[in-house]
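Trainee:
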Amino acid sequence: MARRTNETIPLLVALVVTAACLGGGGWWLLQQQKQPQASGPSGSAASGQPTTNSSASSPLPPQIAASNPTPSAPSSLPAAADPPQGTFNYGGSTTWAPIRAEVDPTLLASTADFQLRYVDPVSGSPGSGRGIQMLLDGQLSFSQSSRGLKVEEIQTAEAKGYRLKEVAVALDAIAIAVNPALDIPGLTVSQLKDIYTGKITNWDRVGGPDLTIAPYTRDLADGGTVEFFVSNILEDAPFGSTVETVYSTTPGLRAVADNPGGIYYASAPEVVPQCAVKTIAIGRTADRLVSLHREPRIDPAQCPAQRNAINIPALAEGTYPFSRRLFVIVKMDGGPDQQAGQAYADLLLSPEGQKAIADAGFVPIR
């Protein structure tokens, strides 16, 4: 079992992230940004949602590369979207943090009648699984997930008298982050598995220096990213005893920045543009390592004035091993929640939404 640190990460009050904030200046490593929050015309939540307006947001890693400009707001909602009026609670996967910070305010800027309020779980850290559970518990109108639905989640919804629908809106990749001082060309999938299952504990075993490896992870129960990693990279093997559990991506990246032997994994837009960690190439074999950052790599001394950008062709063409789809989970109950979830998915799948998703560092699905 992985060990959990005793570090407590404060949650920030959720606020609307404006386009002006997003467009201004470089963002330092591990700055805790605030999640978007908006009040509807009446100031109350939609039917079936908590009426409280005080929900804390999870710590958010810094803005993605400055080379990805914030898209301008459309003059009107895309024709595909038919949103209901009101303020609707949503939340879930931390992978979606760049979309919540950059894409959502842009797409919702043209209407005051349809607004979204980000909600964190009352206990535990946010993630795909907890977001879906909050949706099933009536705390959210729809959720954001970095994995597909599980059989038990589908069955729970059916027992409550409705269905859950997953709508794919983007492609993402899992980035592997290490300390910038670590001199290593990359890792194979099998080497990464051996590191996280405890079979490899020193970097000299994989072409690096004589240095103890310090692997970090989020809790398996917290999110789709960890579930994807365990299922696809570890092949459902348990974490080794040396793996340390962190609350979220922010402390995970901070730990790697502070530890010369550190290694961590997270969504590409949360990792690749960082100044104090670096992503390493991954391959199915040692002679086919693929970089997740665009070449040439930006020197740390030039960051944050310049930041590394994601190697989009490697994701789109499937040459990078760790890619997955991002889903909007819609509650098919025939009511306002279904309308809100479907309208949100339609916004993201519109030409404007897909362009904004690309600007945020993900691969459009259309």
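So the sequence shown is numbered by this note's numbering: it starts at 89 and just counts up by one. Where a beta carbon is used, it is the ideal one built from N, C-alpha and C, also for glycine.
1. Tell me where the beta strand (DSSP E) around A263 begins and ends.
2. For the candidate residues R205, A189, K366, whose alpha-carbon lies nearest to that of C429?
3. Among the residues of its own chain, which have a CB less than 7 Å from the CB of L403, if the five just before and after it don't count?
4. Exposed or buried, what is T300 when buried is set at 16 or more other beta-carbons lying within 10 Å of its beta-carbon?
5. Can you check DSSP and say which residues form a bridge with V416?
6. Between the alpha carbons of A345 and G423, how many angstroms are there, rounded?
7. Expressed to the nearest angstrom, what Euclidean distance is found between the alpha-carbon atoms of G311 and P297?
8. Can you check DSSP and say which residues form a bridge with S411?
9. Could you tell me the distance, in whole angstroms, from the CA atom of S216 to the CA atom of K419?
10. Using the Cα positions of G128 and G274, report the straight-line distance between them to the nearest angstrom.
11. Assuming L237 contacts L252 under a Cβ cut-off of 8 Å, what Cβ separation, rounded to an integer in Å, is found between them?
12. According to the Cβ coordinates, are E241 and I220 closer than 8 Å?
13. Return helix, strand or coil for G449, following the three-state DSSP convention.
14. Under a three-way DSSP split, which group does T244 fall into?
15. Please report the distance separating the alpha-carbon of E440 from that of A197.
16. For Q232 and E405, what's the separation of their Cα atoms in angstroms?
17. Using beta-carbon positions only, say whether A185 and E315 come within less than 8 Å of one another.
Mentor: The relevant details are as follows:
1. As a working note, residue 263 is residue 175 in the sequence shown. Counting along the chain, the beta strand (DSSP E) containing A263 begins and ends at 251-266.
2. Counting from 1 along the sequence shown, the entry for residue 429 is found at position 341. The amino acid at residue 429 is misidentified as Cys; the sequence shows Gly. Residue R205 is the option with its Cα nearest to G429.
3. As a working mapping, residue 403 is identified with position 315 in the sequence shown. Excluding sequence neighbours, L403 sits near L259, A261, S411, V451.
4. Locating residue 300 in the sequence shown gives position 212, counting from the first residue. T300 is exposed by the Cβ-count criterion.
5. Your numbering for residue 416 matches position 328 in the sequence shown. DSSP lists Q232, V255 as partners of V416.
6. As a first step, residue 345 is located in the sequence shown; it is residue number 257 there, counting from the start. As a first step, residue 423 is located in the sequence shown; it is residue number 335 there, counting from the start. Their backbone Cα atoms lie some 47 Å apart in a straight line.
7. Numbered from its first residue, the sequence shown carries residue 311 at position 223. Numbered from its first residue, the sequence shown carries residue 297 at position 209. One C-alpha to the other measures close to 32 Å.
8. Within the sequence shown, numbered from 1, the residue matching residue 411 stands at position 323. DSSP links S411 through a beta bridge to A261.
9. The sequence position of residue 216 within the sequence shown is 128, counting from 1. The sequence position of residue 419 within the sequence shown is 331, counting from 1. Take the alpha-carbon of S216 and the one of K419: they are about 15 Å apart.
10. As a working mapping, residue 128 is identified with position 40 in the sequence shown. As a working mapping, residue 274 is identified with position 186 in the sequence shown. Caution is warranted here: a pLDDT of 32 is assigned to G128, below 50, making its placement in the model unreliable, and the coordinate value is therefore given only provisionally. If I take the Cα positions, the gap works out to 48 Å.
11. For the purposes of this step, residue 237 is taken as residue 149 along the sequence shown, with counting starting at 1. For the purposes of this step, residue 252 is taken as residue 164 along the sequence shown, with counting starting at 1. 6 Å between Cβ atoms; contact.
12. Locating residue 241 in the sequence shown gives position 153, where the first residue counts as 1. Locating residue 220 in the sequence shown gives position 132, where the first residue counts as 1. The Cβ atoms of E241 and I220 sit closer than 8 Å to each other.
13. The count along the sequence shown starts at 1 and reaches residue 449 at position 361. DSSP places G449 outside both helix and strand once states are collapsed to three, so it counts as coil.
14. Here the question's residue 244 lines up with position 156 in the sequence shown. If DSSP states are grouped into helix, strand and coil, T244 belongs with the helices.
15. In the sequence shown, residue 440 corresponds to position 352, counting from 1. In the sequence shown, residue 197 corresponds to position 109, counting from 1. In this structure, the CA atom of E440 is about 12 Å from the CA atom of A197.
16. On the sequence shown, position 144 is the one that residue 232 refers to. On the sequence shown, position 317 is the one that residue 405 refers to. Their Cα atoms are separated by approximately 25 Å.
17. Taking the first residue of the sequence shown as position 1, residue 185 is located at position 97. Taking the first residue of the sequence shown as position 1, residue 315 is located at position 227. E315 is positioned such that its CB atom lies no closer than 8 Å to that of A185.
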